[in-house]
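Novice: Dropping a structure here in structure tokens format, bear with me for questions.
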Amino acid sequence: MSPSPSIRLLMADDHPLMREGIAAVLARQPDMTVAGEAANGVEAVALHEQLRPDVTLMDLQMPRMDGLQAITQIRQRSPQARILVLTTYQGDFQAWRALKSGACGYLVKTAIRTTLVDAIRTAHGGGRWVPADVAVDLARHAGDEMLTDREIEVLRHIAQGHSNKEVGALLSVAEETIKARMKSILLKLNARDRTHAVTIAVQRGLIQL
Numbered sequence: 167m168s169p170s171p172s173i174r175l176l177m178a179d180d181h182p183l184m185r186e187g188i189a190a191v192l193a194r195q196p197d198m199t200v201a202g203e204a205a206n207g208v209e210a211v212a213l214h215e216q217l218r219p220d221v222t223l224m225d226l227q228m229p230r231m232d233g234l235q236a237i238t239q240i241r242q243r244s245p246q247a248r249i250l251v252l253t254t255y256q257g258d259f260q261a262w263r264a265l266k267s268g269a270c271g272y273l274v275k276t277a278i279r280t281t282l283v284d285a286i287r288t289a290h291g292g293g294r295w296v297p298a299d300v301a302v303d304l305a306r307h308a309g310d311e312m313l314t315d316r317e318i319e320v321l322r323h324i325a326q327g328h329s330n331k332e333v334g335a336l337l338s339v340a341e342e343t344i345k346a347r348m349k350s351i352l353l354k355l356n357a358r359d360r361t362h363a364v365t366i367a368v369q370r371g372l373i374q375l
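Sequential numbering of the sequence shown, starting at 167, is according to the numbering used here.
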């Protein structure tokens, strides 16, 4: 009987040690081979075009071009591309953005050793992979109105300790505009106050501290 063809993989992560760790896990699998490695989103897009891997493992936080932008560009060029997101952020918002961009799965890096191989095989077979706890959070917030990019930017500045007036100056808008945006943020997140809004936003992956 001839051996099964290898699943060719592209890894995109800006941390060499993470790529080495993933490669070590994959090296034990007879049906998988790492075809290429990228250290940023720009390299990931270029290598995907060159190598046409079966499955791409994509980090979200990378220099030059982040993972979400890279996913979008890859899927525009190769609509059938199978991309698994690997991230340190478990929040439903990051998962929602990744899946909306065209990823077929979402893995938290802390669970790589126990789930990576199964996730790759699932993705290669045409399926989706979303951890149960993330899926629950996605379902819980499915009907929620999402924050706009501008609202997330405002909340990021609030999390850094800036007042409405200071955030307005940073974003070149009136203080009243920031107050209105904060009112919208509190309503969308069902938050009691600014501190509560920041806590919820961090938990859901909207912002990082």
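By construction, the Cβ of each residue, glycine as well, lies at the ideal position given by its N, Cα and C atoms. Nothing here was measured: the structure is a model prediction, and the numbers come from that model.
Which class does GLU164 belong to by DSSP, given the choice of helix, strand or coil?
Specialist: Since the first residue shown for the chain is 167 and the last is 375, residue 164 is missing from the structure and cannot be characterised.
Novice: Name the two residues that bound the continuous alpha helix (DSSP H) containing ARG360.
Specialist: Unbroken alpha helix (DSSP H) run through ARG360: 360–369.
Novice: If you follow the alpha helix (DSSP H) that MET184 is in, where does it begin and where does it stop?
Specialist: First-last of the alpha helix (DSSP H) with MET184: 182–193.
Novice: Between the Cα of ASP310 and those of SER350, ALA325, LEU273, spot the shortest distance and give me the residue it belongs to.
Specialist: That would be SER350, whose Cα lies nearest to the Cα of ASP310.
Novice: Assign ASN356 to one of two classes, buried (16 or more other C-beta atoms within 10 Å of its C-beta) or exposed (fewer than that).
Specialist: So ASN356 ends up on the exposed side.
Novice: What's the gap between the Cα of LEU226 and the Cα of VAL211?
Specialist: So the two alpha carbons sit approximately 13 Å from each other.
Novice: Measure the alpha-carbon distance for LEU234 versus ARG241 and round it to whole angstroms.
Specialist: Distance between the alpha carbons of LEU234 and ARG241 is about 11 Å.
Novice: Going by the beta-carbon positions, is the gap between ILE318 and LEU265 smaller than 8 Å?
Specialist: Against a cut-off of 8 Å, the Cβ pair of LEU265 and ILE318 comes out as no contact.
Novice: Measure how close the beta-carbons of LEU304 and LEU273 come, nearest whole angstrom, since I'm counting them as under 8 Å.
Specialist: Not a contact, Cβ separation roughly 14 Å.
Novice: Please report the residue range of the alpha helix (DSSP H) in which ILE318 lies.
Specialist: Start and end: 315–325.
Novice: By a C-beta neighbour count over all protein chains shown, 10 Å radius and 16 as the cutoff for buried, is LEU375 buried or exposed?
Specialist: Exposed, since its Cβ has fewer than 16 Cβ neighbours within 10 Å.
Novice: Taking PRO245 as the reference, give the member of THR199, GLY292, LYS354 with the closest Cα.
Specialist: The option with the nearest alpha carbon to PRO245 is GLY292.
Novice: Tell me, which residues are paired with ILE278 by DSSP?
Specialist: Paired residue(s): none; ILE278 is not in a bridge.
Novice: Rounded to whole angstroms, what's the CA-CA distance from MET184 to THR343? Just pull it up for me.
Specialist: When rounded, the distance between both Cα atoms is 42 Å.
Novice: GLN239 to ARG322, Cα distance in whole Å?
Specialist: Approximately 26 Å between the Cα atoms of the pair.
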